[in-house]
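Those protein sequences? They're chains A, B, C and D, same order as listed.
Using our numbering, the first residue of the first sequence is number 1, and each one after it goes up by one.
Using our numbering, the first residue of the second sequence is number 1001, and each one after it goes up by one.
Using our numbering, the first residue of the third sequence is number 2001, and each one after it goes up by one.
Using our numbering, the first residue of the fourth sequence is number 3001, and each one after it goes up by one.
4 protein chains.
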Amino acid sequence: MNYKHQFFNDYAETAHPACIQKLSEHTLQQEAGYGLDSVSAHAATLIRAKLGVANDTPVHFISGGTQANLTVIGSLLRPHEAVIAAESGHIAANETGAIEATGHKVIHTPHVNGKLTPEAIEQVVRTHTNEHSVKPRMVFISQATELGTVYSRIELEAVRAVCDAHGLWLYIDGARLGNALYSANAPCAWHDIARVADVFYIGGTKNGALLGEAIVFPNLALNDDFRYALKQRGALLAKGRVIASQFVALFEHDLYAELAQHANACAMRVRSVLSELGVVFYTDSLTNQQFPMLPNAVVEALQQHYGFYTWKVLNERKSVVRFVFSWATPMTMVDELLTDTKRLLHP
Amino acid sequence: MNYKHQFFNDYAETAHPACIQKLSEHTLQQEAGYGLDSVSAHAATLIRAKLGVANDTPVHFISGGTQANLTVIGSLLRPHEAVIAAESGHIAANETGAIEATGHKVIHTPHVNGKLTPEAIEQVVRTHTNEHSVKPRMVFISQATELGTVYSRIELEAVRAVCDAHGLWLYIDGARLGNALYSANAPCAWHDIARVADVFYIGGTKNGALLGEAIVFPNLALNDDFRYALKQRGALLAKGRVIASQFVALFEHDLYAELAQHANACAMRVRSVLSELGVVFYTDSLTNQQFPMLPNAVVEALQQHYGFYTWKVLNERKSVVRFVFSWATPMTMVDELLTDTKRLLHP
Amino acid sequence: MNYKHQFFNDYAETAHPACIQKLSEHTLQQEAGYGLDSVSAHAATLIRAKLGVANDTPVHFISGGTQANLTVIGSLLRPHEAVIAAESGHIAANETGAIEATGHKVIHTPHVNGKLTPEAIEQVVRTHTNEHSVKPRMVFISQATELGTVYSRIELEAVRAVCDAHGLWLYIDGARLGNALYSANAPCAWHDIARVADVFYIGGTKNGALLGEAIVFPNLALNDDFRYALKQRGALLAKGRVIASQFVALFEHDLYAELAQHANACAMRVRSVLSELGVVFYTDSLTNQQFPMLPNAVVEALQQHYGFYTWKVLNERKSVVRFVFSWATPMTMVDELLTDTKRLLHP
Amino acid sequence: MNYKHQFFNDYAETAHPACIQKLSEHTLQQEAGYGLDSVSAHAATLIRAKLGVANDTPVHFISGGTQANLTVIGSLLRPHEAVIAAESGHIAANETGAIEATGHKVIHTPHVNGKLTPEAIEQVVRTHTNEHSVKPRMVFISQATELGTVYSRIELEAVRAVCDAHGLWLYIDGARLGNALYSANAPCAWHDIARVADVFYIGGTKNGALLGEAIVFPNLALNDDFRYALKQRGALLAKGRVIASQFVALFEHDLYAELAQHANACAMRVRSVLSELGVVFYTDSLTNQQFPMLPNAVVEALQQHYGFYTWKVLNERKSVVRFVFSWATPMTMVDELLTDTKRLLHP
């Protein structure tokens, strides 16, 4: 299909030029293998500074989000232990049983606006009390969520409090962490994430990098033997510098913030303009994914020219669609999309 | 340690400039995710042409060798089935139990010069005959081997014949396939690999790419649902083009051959010069890894200036060391190493 | 707690005397190990006759239901394949992630009266269409269900039809198969089970045996290498005759039917008497588990004298409780329970 | 084949009458499920008394040895951790990859007379030093070994010392623990086992029980959540009393010792008589398995009348065979076997 532009996802373009440029520096400088190189060390230092965490906080670089999730979760849980996730959570719905393939049940819960609630966690704990069911040991949340919503600092602290009350670790999937942190009103900050999470990852792939995510262990004890886990799951790249260089490019001059802000700005323009046109949104997203409800005829007409997914057919007249904006989305294309939509809604 | 040069491995430099250059082309062209992009399709076409295989032969791109091994083997075997490997094989010795973590036993056998022999395979089959032991179902060999040796076409056919006789699949780990194919006298060719193997991978990481390996399934039936396996093991990159572009760079003008030949040439100069000096080699390597036996005093003196591993301490006087050469090794450094070694051997 | 009697479960007594008696016959006769003995062969023959299946239909004896489930499911599915079960299903709720520990996701669906519906299966198939989620490959149902209900022949055929339409295997957990088959109006028969299921097991533990379940493969192809699976999961007992003898005792004179009928009769008396007293039941159970809704005060008073579980607290006034009856439940105890309940309900 | 008698194994007869008798007591007494019954508690008390361990030492009953091994090892190790075993060890050679199926590598070592030596363990530790190979975390030994030999108290302490030096747990497979403890000169005692092992099991199946092994955790910390592991692996029998009753029968009047002594006595008579005839034995077995080397013609002649395995064909003239004796072996049959052998050796 020959689209004017596609809004299917936020990984359709290769990478921000700065990320590619960084790879071309010092290419013949020999470095140690498997993440023990100087570029990885430098990238880790930049990330720790941004987070405001101690110099010994472990940071590991890994090629993708599913790999990060299965390597962390598979490494930490004993066989009878399980992870709790919203049914909309990435590990529950979109990773082909990657967690189960490491031997662990993902306990699904209903979500509220894409979020896992303290009440849902409590309910799982109440119903898993003996050896006839798995033992909940970890909570998985995505920030931003798969539905574009963002946990506020207060919500994160509430989830953390439930974890503390029941001996659960908190793991945050930050595939779109930039979009969450740089969304309107800054609902939570870098240091909040590092404070509430036992382990989390900072997504690079969806915010301008060629590839790569950075796993951070604020809870140092959990990092024990983690490099074995990385190697065993095929996640320890020979050339650690390849991913690390992406994070150097993203964090040395705060490009990470800039790219996330652009993607969010595109999204908020769509939200604002369509809302004024009376369009209702399926979720309270303040980030780079927007889920407007549109007449099916409008959806079909738009899909002639733009790439995007129908998220959910609501009935014969209306559907929820998903528009995803990235660091590379031209604002002119956003405007064109809006103009076309407006015309179709009010011909 | 501040080395003149290091010969620890063949992944110390970032990547060949052509591989990085390729990434910087068409960066804003929107592509489909997860390997369904036009760059992946193009790279697959180039690889099929090189192999001389049919247009429907499946080719998948993946970030590293351990990941390739565990994804392929974990996908194909039923739980009670096992893979046979030489005890020097990568999956047996160097992958932190990656295969076992997918639930399968790796049956170790003695090796001859780094190779798995038909006799060793036969012996395993003879001793695994009922449900009280695992069922051998796959044979794993590395071409070139971990000791730098190369299976000739005739040796490959002999292994294949044993596989056929006993219903075993043959999987070839080609992390250093280029070094094997372009070694002296061309012991076997691209199409031989595609003909004898059910599945194999072509290594990019150790032959000039930023990262990446290409998995090929000459046995089409085994490709069934393999994309599920890729996704489940965290091996399906969002931006498939990142790895695919490396293979385009390596195969569009036969850079792959050129780089492997250079690494081999460095190695053969070392082999030739040291042999003339009376040095004996631990293995019959014709590829980019060389294992000379040197006096311990010489080893220690060299390690003040060059990075390389002591492979095996033989006794109080002698050790086997490993020198690895890459596409990026300056021949001047090889010469310097040889000059220094010569001087130390015959002061 | 010193109860008059307990109705917690149907495995509180050791075994029917005939089952113990059978063990004491021919004890010194030497038999082959691991299920290749003459007693296992005899028990299999009796079971095949009861089912009306061919002489080559494989039958295996195993020590318990969770073991049967994990060995069968773990043996048949490829890593990315999943099994669909009602959220009330035993593998979903009561087996400590046994299936996930073999690497497979259990896809939970809502249940209707304890049953998995064709619609629920269809819905799973519709939402699992590509490699980003697991691939549904098997359907798990329990007959009788965990809520005491029974799939009729027509319902079984409807489930089978959905399986056929989508390439799914049908596995029936028959922990309480006797209670289902011998419930009022005989909703389905032995040969129906063997006809609709690809594989199922006949429960012994909950119907008078010391221990043991019999796994049957009407779909012969699925039996391939199953003895490897049994051995690998620790399920291949050295003395196969121990479990097989239980099935000889249960099936040589149709004791299996008799015991199931007794348990059901106890249950139906409770259902009938309490219904007349206006008690509403949580499920339409016609088998040996009954789930009446009783005032909390009545529940508490009864629990002073009888052992049984509160299944679900509905509100401040009412709860669902579970009474389970077995082959060994004295009808006098049932009557006593009913008399006490009646007195408490209508003092 | 219609044998006079078979010496294939020690589980050819059903069970000692006392074990069956015990099952027939109090059969209608209602007991709690899943090992929380009074019979299990009683059996555990008898076992603790025999071992001389504290009242809180955990004891669990399980149906077989492979199940015990996979449940214990799978529960204790993290994914990258491995267990060291002699290549003749049961988990290495005879359990169909049961340990690997829980995700862990079994590191094979050469054996000396069926035993794992401290030197072999040290060698493994020396060669597994970083994240590129698995991390040794547990040592597995069998007492008696698969070749009938017995670790002395001093040997056990030496293995323990190596474990302590390297942070390894010691697990003892006691499938034939009785045969070891009651062999000539009592090389080690019950309390030695409980002192050196972190966890071990006492075999019932091969010493007179219908089925069952008793897992004991002298290292209490390792018992944490072990009941979850039992349930998850399908090892938690609904009727715990079935296995526990076997151990009551075996330990309440020291029947366990008596049965092991009988089996050993049969074996030692064979060893003594054949040795006098000049027969050499393959291993220094003092227990119920004997491995004489016999002329092939004698082996063939004997196998017309007696059941036993050829263990290893040494050459065209001689083979090692295995004779196994049990609690139920009639001494008259031993004598008959010896008479026939003598006649064949010296016609």
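No residue lacks a Cβ here, since even glycine has one placed at the ideal position from N, Cα and C.
The model shown is predicted, which means the values in this text are computed figures rather than measured ones.
Just the Cα atoms here: how many angstroms apart are A/D335 and B/A1235? Counted from its first residue, the first sequence places residue 335 of chain A at position 335. Counted from its first residue, the second sequence places residue 1235 of chain B at position 235. Going from the Cα of A/D335 to the Cα of B/A1235 covers about 36 Å.
Taking 8 Å as the CB-CB cut-off, is D/P3079 touching chain B? Taking the first residue of the fourth sequence as 1, we reach residue 3079 of chain D at position 79. So, interface residue.
On the DSSP bridge assignment, give the partners of D/S3319 in chain order. For this step, residue 3319 of chain D is matched to residue 319 along the fourth sequence. D/L3294, D/V3313.
Output yes if chain D places a C-beta closer than 8 Å to the C-beta of C/V2298; else output no. Your numbering for residue 2298 of chain C matches position 298 in the third sequence. Output row for C/V2298: interface = no.
Three Cβ pairs or more, each shorter than 8 Å: is that satisfied between the stretch 2096-2110 of chain C and the stretch 1197-1213 of chain B? no
Are D/N3296 and D/N3264 touching if we call contact CB-CB under 8 Å? Your numbering for residue 3296 of chain D matches position 296 in the fourth sequence. Your numbering for residue 3264 of chain D matches position 264 in the fourth sequence. The answer is no: Cβ separation not under 8 Å.
Can you give me the Cβ contacts of C/Y2256 inside the same chain, cut-off strictly under 7 Å, excluding the 5 residues immediately before and after it? Reading the third sequence from its first residue, position 256 is the one you call residue 2256 of chain C. Within the same chain, C/Y2256 has close Cβ partners G2178, N2207, L2250.
Tell me whether B/V1072 sits in a helix, a strand or coil according to DSSP, three-state version. For this step, residue 1072 of chain B is matched to residue 72 along the second sequence. Correct three-state label for B/V1072: helix.
Whose C-beta lies closer than 7 Å to the C-beta of B/T1329 among residues of the same chain, with five residues either side of it excluded? Taking the second sequence and counting its residues from 1, one reaches residue 1329 of chain B at position 329. Answer for B/T1329: A1263, C1266, listed in chain order.
Using the three-state DSSP reduction, which class does B/I1091 fall into: helix, strand or coil? Taking the first residue of the second sequence as position 1, residue 1091 of chain B is located at position 91. Correct three-state label for B/I1091: helix.
Bridge partners for B/W1169 per DSSP, in chain order? The count along the second sequence starts at 1 and reaches residue 1169 of chain B at position 169. Bridge partners of B/W1169: B/M1138.
With 8 Å set as the bound, which would you pick, yes or no: does the beta-carbon of C/Q2067 sit closer than that to a beta-carbon of chain B? Counting from one through the third sequence, the residue named residue 2067 of chain C turns up at place 67. Judged by the 8 Å Cβ criterion, C/Q2067 is not in contact with chain B.
Chain A within 8 Å of B/Q1303, Cβ atoms only: Indexing the second sequence from 1 puts residue 1303 of chain B at position 303. Output row for B/Q1303: interface = no.
Output, in chain order, the set of chain C residues within a Cβ distance shorter than 7 Å of D/Y3306. Within the fourth sequence, the letter at position 306 stands for residue 3306 of chain D. Residues of chain C passing the Cβ test: none, with the nearest at roughly 11 Å.
Give a yes or no on whether 8 Å exceeds the smallest Cβ distance from B/K943 to chain D. Here chain B comprises residues numbered 1001 to 1347, so residue 943 of chain B is not present and cannot be evaluated.
For the alpha helix (DSSP H) containing A/Y228, list its first residue and its last residue. The residue you call residue 228 of chain A lines up with position 228 of the first sequence. Start and end: 226-232.
Nearest to B/V1059 (by Cα), restricted to the options B/R1269, B/P1292, B/G1240: By 1-based counting over the second sequence, the position of residue 1059 of chain B is 59. Per the Cα distances, B/G1240.
How far does the alpha helix (DSSP H) with D/I3099 in it reach, from first residue to last? The sequence position of residue 3099 of chain D within the fourth sequence is 99, counting from 1. Where D/I3099 is concerned, there is no enclosing alpha helix (DSSP H), given that its DSSP letter is neither H nor E.
Which one of B/V1106, B/R1176, B/T1066, B/Y1228 has the shortest CA to CA distance from B/V1150? Taking the second sequence and counting its residues from 1, the one referred to as residue 1150 of chain B is at position 150. When each option's Cα is compared against that of B/V1150, the closest is B/R1176.
Taking Cβ-Cβ distances shorter than 7 Å, what residues in chain A pair up with C/H2111? Within the third sequence, residue 2111 of chain C is the residue found at index 111, counting from 1. Going along chain A, no residue has its Cβ under 7 Å from C/H2111, so there is no contact; the nearest lies around 15 Å.
Cα-Cα separation, B/G1114 to C/R2137: For the purposes of this step, residue 1114 of chain B is identified with residue 114 of the second sequence, where counting begins at 1. For the purposes of this step, residue 2137 of chain C is identified with residue 137 of the third sequence, where counting begins at 1. Approximately 41 Å between the Cα atoms of the pair.
Mind listing the chain B neighbours of A/L338? Cutoff is C-beta to C-beta under 7 Å, in chain order. Numbered from 1 along the first sequence, position 338 holds the residue referred to as residue 338 of chain A. Those within 7 Å of A/L338 in chain B number zero; the least Cβ separation is about 19 Å.
Do you know how far the Cα of D/L3116 is from the Cα of D/Y3306? Here residue 3306 of chain D refers to the residue found at position 306 when the fourth sequence is read from its first residue. Here residue 3116 of chain D refers to the residue found at position 116 when the fourth sequence is read from its first residue. Their Cα atoms are separated by approximately 32 Å.
Can you tell me which of B/D1010, B/E1013, B/E1095, B/F1247 puts its alpha carbon nearest to the alpha carbon of B/A1049? The residue you call residue 1049 of chain B lines up with position 49 of the second sequence. When each option's Cα is compared against that of B/A1049, the closest is B/F1247.
Name, going along the chain, the residues of the stretch 3178-3205 of chain D whose beta-carbon falls closer than 8 Å to a beta-carbon of chain C. T3205
Once DSSP output is grouped into helix, strand and coil, what is the label at B/H1042? Walking along the second sequence from the start, residue 1042 of chain B turns up at place 42. Helix.
Mind pulling the chain C residues with CB within less than 8 Å of D/I3020? One-based indexing of the fourth sequence puts residue 3020 of chain D at position 20. Result: I2020, L2023, S2024, T2027.
Would you be able to state if there are at least three C-beta pairs under 8 Å between the stretch 1277-1284 of chain B and the stretch 1123-1142 of chain B? no
Looking only at its chain, what residues have a beta carbon closer than 7 Å to the beta carbon of A/A158, apart from the 5 residues adjacent to it on each side? Mapped onto the first sequence, residue 158 of chain A falls at position 158. Result list for A/A158: P118, in chain order.
Members of the stretch 225-236 of chain A that neighbour chain D once the beta carbon cut-off is set at 8 Å: D225, R227, Y228, A229, L230, K231, Q232, L236
Anyone know if the C-beta pair for D/H3111 and D/S3088 falls short of 8 Å? Within the fourth sequence, numbered from 1, the residue matching residue 3111 of chain D stands at position 111. Within the fourth sequence, numbered from 1, the residue matching residue 3088 of chain D stands at position 88. It is a contact, given that the beta carbons lie within the stated cut-off.
Return the chain-ordered list of same chain residues with a C-beta closer than 6 Å to the C-beta of A/A229, the five sequence neighbours on each side being excluded. Counting from 1 along the first sequence, the entry for residue 229 of chain A is found at position 229. So the list reads T71, S75, once near-sequence residues are dropped.
Residue interval of the beta strand (DSSP E) (run including D/A3184): On the fourth sequence, residue 3184 of chain D is found 184 positions in, with the first residue counted as 1. Neither: D/A3184 is in no beta strand (DSSP E) and is coded neither H nor E.
Three-state secondary structure assigned by DSSP to A/F251: One-based indexing of the first sequence puts residue 251 of chain A at position 251. In the structure shown, A/F251 sits in a helix (DSSP, three-state: H, G or I).
Test: D/E3031 CB closer than 8 Å to a CB of chain A: Indexing the fourth sequence from 1 puts residue 3031 of chain D at position 31. So no, D/E3031 is outside the interface.
For the alpha helix (DSSP H) that contains C/E2146, what are its first and last residues? For the purposes of this step, residue 2146 of chain C is identified with residue 146 of the third sequence, where counting begins at 1. Element bounds for C/E2146: n/a, residue is neither H nor E.
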